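> One structure follows; several queries about it will come next.
In our numbering, the protein residues as written are 20 to 244.
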């Protein structure tokens, strides 16, 4: 499995969080109903002013219906939300399910959404990433690591954390002159050699480079946080 950390400018609750910039949201659970609806449980952390602003934002948010407050504990409230038809169309959760992803951690503030997700393959991660790119939403892959369990032969990583497909792309880039100065091979030509699209080539190459850097010369997590 691949454990990916991404930061996304995600439309769900964007309007609400713009009204409550001090609110901290933690996703708890999502469920797709038999009728095709999408319900979501979230924890919201803040003070009384934050909650008032958050509730006011919910009333005008086009992605959710008026929520139920399930429970309140100190400075935290648990909300049950149902996405509107517009919200459901813009939700990435069905894609996560289709790709076999497992949500490890999901949080949100007015600055954006933070996803920590386990994916079964590079291709699943690529399709998740493409969901945002295809909708012109900003998405940044912050970290990518391998977990030992559930990695098949095609996804096995080397000592430097690079998958076989990423290694293939890196080696092909060097052999074809993609890294030469001046460059003697275009991204499209490199993609033709790998039999994948230029976008997929770029993603695979950049993730391979990132894995090499993070697992060789990059500082330990403790010093880089």
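Backbone N, C-alpha and C define an ideal beta-carbon position, used for all residues, glycine too. Here the structure is a predicted model, which is why all the values come from computation and not from measurement.
Run through the DSSP bridge pairs and tell me what residue 49 is partnered with.
Working through the chain shown from its first residue, we reach residue 49 at position 30. The partner list for residue 49 (beta bridge, DSSP) reads 59.
> Mind checking residue 184: buried by the 16 CB within 10 Å criterion, or exposed?
Here residue 184 corresponds to residue number 165 of the chain shown, with the count starting at 1. By the 10 Å Cβ count, residue 184 comes out buried.
> Is residue 87 helix, strand or coil by DSSP?
As a working mapping, residue 87 is identified with position 68 in the chain shown. The answer is strand: DSSP assigns residue 87 an E or B state.
> For residue 110, is the classification buried or exposed, using 16 other Cβ atoms within 10 angstroms of its Cβ as the cut-off for buried?
What you label residue 110 is simply residue 91 of the chain shown in a count that begins at 1. By the neighbour-count rule (16 or more Cβ atoms within 10 Å), residue 110 is buried.
> For the structure I just gave you, are there three or more beta carbon pairs, one from the stretch 47-58 and one from the stretch 97-113, closer than 8 Å?
yes
> Hey, how far is the Cα of residue 78 from the Cα of residue 95?
Mapped onto the chain shown, residue 78 falls at position 59. Mapped onto the chain shown, residue 95 falls at position 76. The alpha-carbon atoms of residue 78 and residue 95 are separated by roughly 20 Å.
> Residue 156 and residue 25: beta carbons closer than 7 Å?
Numbered from 1 along the chain shown, position 137 holds the residue referred to as residue 156. Numbered from 1 along the chain shown, position 6 holds the residue referred to as residue 25. Not in contact: residue 156 and residue 25 (Cβ atoms no closer than 7 Å).
> Report all residues from its chain with a CB closer than 7 Å to the CB of residue 198; omit the five preceding and five following residues, and keep chain order.
Start at 1 with the first residue of the chain shown, and residue 198 comes out as number 179. Contacts found: 192.
> Looking only at its chain, what residues have a beta carbon closer than 6 Å to the beta carbon of residue 173, apart from the 5 residues adjacent to it on each side?
Along the chain shown, one-based indexing puts residue 173 at 154. Unreliable placement is indicated for residue 173, whose pLDDT of 40 sits below 50; the coordinate value is still reported in the next sentence. Taken in chain order, the list of residues that qualify is empty.
> If you follow the beta strand (DSSP E) that residue 124 is part of, which residue opens it and which one closes it?
Taking the first residue of the chain shown as position 1, residue 124 is located at position 105. Where residue 124 is concerned, the enclosing beta strand (DSSP E) stretches over 121-128.
> Does residue 117 pass the burial test, meaning 16 or more other C-beta atoms within 10 Å, or should it be called exposed?
Translated into positions along the chain shown, residue 117 becomes position 98. Residue 117 is exposed by the Cβ-count criterion.
> Please identify the residue among 231, 134 and 35 whose C-alpha is closest to the C-alpha of residue 158.
Counting from one through the chain shown, the residue named residue 158 turns up at place 139. Of 231, 134 and 35, the residue nearest in Cα terms is 134.
> What number of angstroms, rounded off, separates the C-alpha of residue 221 from the C-alpha of residue 125?
For the purposes of this step, residue 221 is taken as residue 202 along the chain shown, with counting starting at 1. For the purposes of this step, residue 125 is taken as residue 106 along the chain shown, with counting starting at 1. Approximately 26 Å, taken between the alpha carbons.
> Quick check on the DSSP output: the alpha helix (DSSP H) that includes residue 192 runs from which residue to which?
Along the chain shown, one-based indexing puts residue 192 at 173. Unbroken alpha helix (DSSP H) run through residue 192: 183-195.
> So, under 8 Å CB-CB, residue 98 and residue 49 are touching, yes? Tell me the CB distance rounded to an integer number of Å.
Taking the chain shown and counting its residues from 1, one reaches residue 98 at position 79. Taking the chain shown and counting its residues from 1, one reaches residue 49 at position 30. The pair is not a contact, with the Cβ atoms about 13 Å apart (cut-off 8 Å).
> Go ahead and label residue 89 buried or exposed: buried means 16 or more other beta carbons lie within 10 angstroms of its beta carbon, across all protein chains shown.
Here residue 89 refers to the residue found at position 70 of the chain shown. It counts as exposed.
> Does the beta-carbon distance from residue 44 to residue 129 come in below 7 Å?
Here the question's residue 44 lines up with position 25 in the chain shown. Here the question's residue 129 lines up with position 110 in the chain shown. No.
> Is the CB-CB distance between residue 22 and residue 137 below 7 Å?
Position 3 of the chain shown holds residue 22. Position 118 of the chain shown holds residue 137. Yes, they are a contact pair.
> Leaving out the 5 sequence neighbours to the left and right, which residues in its chain are closer than 6 Å to residue 162 when beta-carbon positions are compared?
The residue given as residue 162 occupies position 143 in the chain shown. Result list for residue 162: 24, in chain order.
> Under a three-way DSSP split, which group does residue 208 fall into?
On the chain shown, position 189 is the one that residue 208 refers to. Helix.
> Roughly how many angstroms separate the alpha carbons of residue 151 and residue 144, rounded to a whole number?
Working through the chain shown from its first residue, we reach residue 151 at position 132. Working through the chain shown from its first residue, we reach residue 144 at position 125. Straight-line Cα distance between these residues: approximately 12 Å.
> Enumerate in chain order the residues of its own chain whose CB-to-CB distance from residue 178 is below 6 Å, with the five nearest sequence positions on each side excluded.
Locating residue 178 in the chain shown gives position 159, counting from the first residue. With a pLDDT of only 49 at residue 178, under the threshold of 50, the placement of this residue in the model should not be trusted; the figure read from the coordinates follows. Within the same chain, and ignoring the five residues on either side of residue 178 in sequence, no residue has its Cβ closer than 6 Å to its Cβ.
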